[in-house]
Each structure stands twice: as C-alpha cells, then as structure tokens.
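Structure record follows, encoded as structure tokens.
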Amino acid sequence: MTVELYKAANAQTSLICEAMLDQIGSDGQVYNKIGLVLVLRDNANKALKTLRYYMDIPAAKVLCHDLWESKLSGEYKEFKKVGGSKERAFQISPSEGGGYRVSIMNSSDGGERDRLYFQLSQSEARQLAITVLDHLKVYELAKAISAILGKE
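Here it is, written out as structure tokens:
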C-alpha cells in the first residue's frame with residue numbers, strides 16, 4: 140500500500156513523498172521504498188510532467204536524519220538504472236538562499252532525459268524528514284508486534 144507522507148507545492152511544481160512499504164512487485168518480490176515525486180503543473184493545475192525516484196529505506200533514513208538535524212552540508216546524489224537503459228537520478232543540495240534544491244531526472248529507453256526541480260525551505264525539509272522518520276518507526280514497530288503476536 141502506498142501512503143502519502145508529505146506534500147509541498149509552489150506555483151508550478153508539487154513535491155510528494157510516499158511510503159511504499161511491503162509492495163509486491165510484478166516479479167513477486169516484496170519492495171520497501173520511499174517514493175519521491177515531482178509534478179510540473181500548468182496554470183489550471185493540470186499535470187504536465189511527472190517524475191519519480193524510489194529510495195531504499197536505509198538511504199532514506201540517513202538522508203532524513205541529516206535533513207532533520209540540518210546537517211546536510213553538501214549535495215546528496217543517487218542514481219539507479221532500471222532495466223536496459225532507463226535511468227533515474229535524485230539529488231538534493233543546500234541552496235544559496237537557504238533551504239534545499241531537490242532534483243529528479245528520469246530518462247526513457249530512447250535516452251531522452253526529463254528533469255524537474257523543487258525548492259524546499261529549511262522548515263519544509265525538516266517537516267518532510269520527521270514525517271518520513273516517524274512513519275518508518277511506526278511501520279517497524281508494527282512489524283515487530285505482528286511478528287511477536289504471530290508466534291504465540
């Protein structure tokens with residue numbers, strides 16, 4: 140099940156953070172990811188372009204911890220290859236005016252690259268971070284309780 144954890148928007152772009160925990164893929168495997176979505180919208184609020192990046196849980200925890208503690212001093216980058224030549228990239232870096240610049244890049248099998256950016260204030264970054272960290276703690280606690288109760 141996908142749960143929307145956080146959403147921020149400006150005049151043109153929305154940033155959405157989703158918890159995708161215990162997702163069963165088409166290959167039958169269980170996946171646990173934090174999904175980041177950037178949506179470019181027109182003046183009528185219609186989505187023009189949507190780009191996604193999926194972070195592994197350990198990486199998401201470290202990044203969110205650093206954002207929460209305001210200790211992300213340099214840029215954080217991740218890159219993933221999906222299938223043959225489809226690629227996804229994520230970057231977050233401190234911006235000059237304060238806060239952080241979030242970037243997601245998706246490329247198609249034909250090599251065409253799409254990029255979107257979103258400016259997060261320091262406060263928004265901390266809100267995103269604590270929401271993700273709290274959700275993961277609750278998820279892990281629920282899994283532990285379920286495992287204990289399942290053994291009785």
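Residue numbers (the working numbering): 140 to 291. Glycine included, every Cβ here is placed at the ideal spot set by N, Cα and C. Note that the structure is predicted; figures quoted are calculated from it, not measured.
Helix, strand or coil at residue i according to DSSP, with G and I counted as helix
i, result
"K210", "coil"
"G289", "helix"
"S153", "strand"
"A183", "coil"
"Q162", "strand"
"Q168", "coil"
"E251", "coil"
Per DSSP, the bridge partner or partners of residue i
i, result
"A228", "F218, M244"
"P233", "Y239"
"D273", "The partner list for D273 (beta bridge, DSSP) is empty, contrary to what the question assumes."
"L190", "L177"
"A148", "S153"
"D205", "Partner(s): none; D205 has no beta bridge."
"L259", "Y239"
Own chain, CB closer than 8 Å to residue i, minus 5 neighbours either side, in chain order
i, result
"Q151", "L179, R180"
"V169", "D161, Q162, I163"
"C156", "E143, L144, Y145, K146, I173, G174, L175, V176, L267, T270, V271"
Cβ-based burial, residue i [other Cβ within 10 Å; buried from 16]
i, result
"G174", "buried"
"A183", "exposed"
"E251", "exposed"
"L288", "exposed"
"E280", "The question names Glu, yet the displayed sequence has Leu at residue 280. Classification for L280: exposed."
"V142", "exposed"
"A268", "buried"
"A186", "exposed"
"A158", "buried"
"I284", "exposed"
"M140", "exposed"
Sequence-distant residues of the same chain with beta carbon closer than 6 Å to residue i, five excluded per side
i, result
"K220", "E226"
"L292", "Since the first and last residues shown for the chain are 140 and 291, residue 292 lies out of range."
"A147", "L154, E263"
"N171", "L160, I196"
"S234", "R240"
Three or more C-beta pairs under 8 Å: does that hold for the stretch 245-264 against the stretch 175-191? These segments touch.
Touching by the beta-carbon criterion (3+ pairs, under 8 Å), the stretch 206-219 and the stretch 171-190: No, the stretch 206-219 does not touch the stretch 171-190.
Is there contact between the stretch 267-276 and the stretch 196-205, where contact requires at least three CB pairs shorter than 8 Å? Output reads yes: the stretch 196-205 touches the stretch 267-276.
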